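A.B. asks: Have a look at the structure that comes next, please.
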Amino acid sequence: MKKTIIKILKHFKKPLVWLAELESTLAAKWSSAAHRRLLQTSWAIPPTPEFFDHHIDLNHLWEKSRLPFWLERGIFSNLALKRGGKMLELSCGDGFNARNFSSIVCESVTACDFDKKAIATATRKNSAPNITYVLADIRNNMPAGKYDNVVWDTAIEHFTPNEIEQIMPEIKHRLTPGGILSGSTIIEQETGEKLDTHEYEFKDLDDLKRFFTPFFKEVTVFETIYPGRHSLYFWASDGKVPFQDGWEHIVRS
Ligand SMILES: C[S@@+](CC[C@H](N)C(=O)[O-])C[C@H]1O[C@@H](n2cnc3c(N)ncnc32)[C@H](O)[C@@H]1O
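Numbered by this note's numbering, the letters in the sequence shown go through residues 929 to 1181 in order.
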């Protein structure tokens, strides 16, 4: 029966693929235009949102800019995640990374943000059975518990240096022995101009690294540079961090 259907469909393959190509081209154009309008209405009209909906990157901006930096944070943090472990994401925003990078390799993900709209968007657009979204201000109400990983992506710049110094021991306290803190941020622009929501932007790799070295034996800070975007990434732990000799996922000659 299945063989007969496939035989018949083979005759119609050309028009079927043509129709599907047409439908997907039209759908992509519509989706891109819809996400452009979402970008314009949410960002061009004040107040500036605290978080970015990464479906706008996925469906509109990436195609236009060809810049992959918005995916890097998910990939670089994912390298540090303990397979089957417990993970805490701080300042999770729209939850895109919790759903599409962390929840597929971790047993459980607790993702928090202090913005009600971020938690509502995350719950609506990026839920998964092993993710719990929590409304919490990490300056005074960081979720309790012990975690193999803490991820703090593109959010550390939303805090003052004093606040970062006070948050770091709280992170350390929540990590299991050898657990890894990972995350990302951006470098200060030459003009010194910054978003209203940013409290402190980092001058260079060392300016970011100094916040982790008092708490962790191993700290790696690295950068990626694209036109208009200079990002910084970090892995910090008392155990092994990605690409270090002895990291369980590497072999060197
Ligand atoms: C640029 S967004 C990054 C969101 C997400 N991590 C990502 O990579 O797309 C910064 C996030 O930090 C959150 N945030 C700022 N201050 C916070 C605080 N005191 N406690 C918890 N979250 C906070 C904002 O609400 C926002 O969602």
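Where a beta carbon is used, it is the ideal one built from N, C-alpha and C, also for glycine.
Quantities reported herein were computed from a predicted structural model and do not represent experimental measurements.
Taking a contact to mean a Cβ-Cβ separation below 8 angstroms, would you say THR891 touches ASP1022 in this structure?
C.D. replies: Since the displayed the chain opens at 929 and closes at 1181, residue 891 lies outside it and no answer follows.
A.B. asks: Is HIS988 near ligand 1 - that is, is its Cβ less than 7 angstroms away from at least one heavy atom of it?
C.D. replies: Along the sequence shown, read from residue 1 onward, the residue named residue 988 stands at position 60. Incorrect: HIS988 has no Cβ contact closer than 7 angstroms to ligand 1.
A.B. asks: For HIS1177, which three-state DSSP category applies?
C.D. replies: Your numbering for residue 1177 matches position 249 in the sequence shown. Here HIS1177 sits in coil by DSSP.
A.B. asks: Between ASN1090 and ligand 1, is there a pair consisting of the residue's CB and a ligand heavy atom that are separated by less than 7 angstroms?
C.D. replies: As a working note, residue 1090 is residue 162 in the sequence shown. Checking every heavy atom of ligand 1 against the Cβ of ASN1090, none is found closer than 7 angstroms.
A.B. asks: Between GLY1021 and ligand 1, is the CB less than 7 angstroms from at least one heavy atom?
C.D. replies: Counting from one through the sequence shown, the residue named residue 1021 turns up at place 93. At least one heavy atom of ligand 1 is nearer than 7 angstroms to the Cβ of GLY1021, so yes.
A.B. asks: Between the Cα of THR1125 and the Cα atoms of PRO975, LYS931, ARG964 and LEU966, which residue gives the shortest distance?
C.D. replies: Counting from 1 along the sequence shown, the entry for residue 1125 is found at position 197. The shortest Cα separation from THR1125 among PRO975, LYS931, ARG964 and LEU966 belongs to PRO975.
A.B. asks: Hey, would you say LEU1009 sits closer than 8 angstroms to VAL1033, going by beta carbons?
C.D. replies: Residue 1009 sits at position 81 when you count from the first residue of the sequence shown. Residue 1033 sits at position 105 when you count from the first residue of the sequence shown. Contact flag set, yes.
A.B. asks: Measure from the alpha carbon of GLU1098 to the alpha carbon of each residue in GLU1118, LYS1074, PHE1130 and THR1113, then state which is nearest.
C.D. replies: Within the sequence shown, numbered from 1, the residue matching residue 1098 stands at position 170. Closest option to GLU1098, Cα to Cα, is LYS1074.
A.B. asks: What does a CB cutoff of less than 7 angstroms around GLU1035 pick up in its chain, not counting 5 residues either side in sequence?
C.D. replies: Residue 1035 sits at position 107 when you count from the first residue of the sequence shown. Counting only Cβ-Cβ distances below 7 angstroms, and skipping sequence neighbours, we find GLY1012, GLY1013, LYS1014 and ASN1058.
A.B. asks: Count the other CB atoms within 10 Å of the CB of HIS988; is the residue buried (16 or more) or exposed (fewer)?
C.D. replies: The sequence position of residue 988 within the sequence shown is 60, counting from 1. HIS988 comes out buried.
A.B. asks: Flag ALA972 as yes when its Cβ comes closer than 7 angstroms to any non-hydrogen atom of ligand 1, and as no otherwise.
C.D. replies: On the sequence shown, position 44 is the one that residue 972 refers to. No.
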